[in-house]
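In case it helps, my numbering puts the sequence shown at residues 3 to 145. Have a look at the structure below before the remarks.
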Amino acid sequence: MAVRGNISGKSTEVDILRSQLGRVRGLGAARAGSGTWWVERVTSIALVPLTLWFIGAVIGLTGATRADMVAWLHEPVPLVLLLCLVVLTFWHMAMGLQVVIEDYVHTELPRMALLLAVRAVSILAALFCVIAALRLGLGSSVP
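The following block contains the structure:
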């Protein structure tokens, strides 16, 4: 049990330092800021090679027919890399927009509505892209 203040009931310097140390440790207003910060960094680092791979793949598929592209997606490595790119892109986007909304929208109801909308749109868009890629990559025929 920690003793707060002294006999007169006033806060001591130790109490003030403890609360400031708590803020430095990432226990500020969001209460989970350091975890989100790390996830944003990890997703951004993972997106660099995935984006470079995707740009190279698009350049390599320039002039290819739809059947060639579907055949390329039938390979496991391009399909898995594309799925990783899609999921990480929408996840990273949602986290970034969440930070912007939390920082700049100060009224509670619009903030909650925007956060809910960002989360819903990012999940639906990612799900749509994943299903489309899986249908192309795992489908047996080329329409």
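From the three backbone atoms N, C-alpha and C, an ideal C-beta is built for every residue, glycine too. Keep in mind it's a predicted model, so treat the numbers as computed, not measured.
Member of the options whose CA lies at the smallest distance from the CA of residue i
i: Val-89; options: Arg-113, Thr-53 and Gln-100; result: Thr-53
i: Val-41; options: Val-50, Pro-112 and His-94; result: His-94
i: Gly-37; options: Thr-67, Ile-57, Gly-65 and Val-101; result: Val-101
i: Leu-140; options: Ala-122, Leu-75 and Met-114; result: Leu-75
i: Ile-47; options: Arg-68, Leu-87 and Val-132; result: Leu-87
Proximity of residue i and residue j at Cβ, strictly below 8 Å
i: Val-120; j: Ala-96; result: yes
i: Ala-135; j: Leu-81; result: yes
i: Leu-85; j: Trp-55; result: no
i: Val-107; j: Leu-116; result: yes
i: Leu-49; j: Thr-91; result: yes
Exposure label - residue i; buried when at least 16 CB within 10 Å
i: Leu-129; result: exposed
i: Leu-126; result: exposed
i: Ser-124; result: buried
i: Leu-111; result: exposed
Span of the alpha helix (DSSP H) around residue i
i: Thr-91; result: 78-106
i: Ala-122; result: 110-140
i: Ala-69; result: 68-75
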